[in-house]
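For the sequence shown, position 81 matches number 80 in numbering that gives the first Met the number 0, and the numbering has no gaps at all.
Where a beta carbon is used, it is the ideal one built from N, C-alpha and C, also for glycine.
Beneath this line is the structure, given in structure tokens, with notes to follow.
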Amino acid sequence: MTGIIDNSSDEARKQWCDLLHAGWMHHQQQVKEMQSPIIGAKPSEEQIFHMAVSVAMQDAIALIQQMEAYGYFDEGDGEEGDDLPQHSRGPAG
Numbered sequence: 000m001t002g003i004i005d006n007s008s009d010e011a012r013k014q015w016c017d018l019l020h021a022g023w024m025h026h027q028q029q030v031k032e033m034q035s036p037i038i039g040a041k042p043s044e045e046q047i048f049h050m051a052v053s054v055a056m057q058d059a060i061a062l063i064q065q066m067e068a069y070g071y072f073d074e075g076d077g078e079e080g081d082d083l084p085q086h087s088r089g090p091a092g
């Protein structure tokens, strides 16, 4: 026995955070590239869009980290989480 623990949900969550972080960096770069050289100029609609998307991605990363800190993703003994509706089959099967 090698003792390697395969925790695919933790790895998947880390990959999602990495993907969100890469998207956040992309949109931050787009905001900087679209910035007008004129001081005091209003931001364009595209620049505002990229700002909003980057803030939303940053909020998603923060939410995931907060949920991890509060133990939301901890694997329990099956007491509480098994009766949640998302863990059972729906009417369509």
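According to the DSSP assignment, His49 belongs to the alpha helix (DSSP H) that extends over Glu44 to Ala68.
Two segments are said to touch when three or more pairs of C-beta atoms, one from each, lie closer than 8 Å; by this definition the stretch 33-45 does not touch the stretch 61-71.
For Ala61, the closest C-alpha among the options Trp23, Ser8 and Glu10 is that of Trp23. Leaving aside the five residues that flank Gln27 on each side, the residues in its chain whose CB is nearer than 6 Å to its CB run, in chain order, Ser53. The beta carbon of Ser43 sits closer than 7 Å to the beta carbons of Met33 from its chain, once the five residues preceding and following it are set aside; these are given in chain order. The criterion of a C-beta distance shorter than 7 Å is not satisfied by Leu19 and Ala51. The shortest CA-to-CA distance from Arg12 to any of Ile47, His49 and Met66 is the one to Met66.
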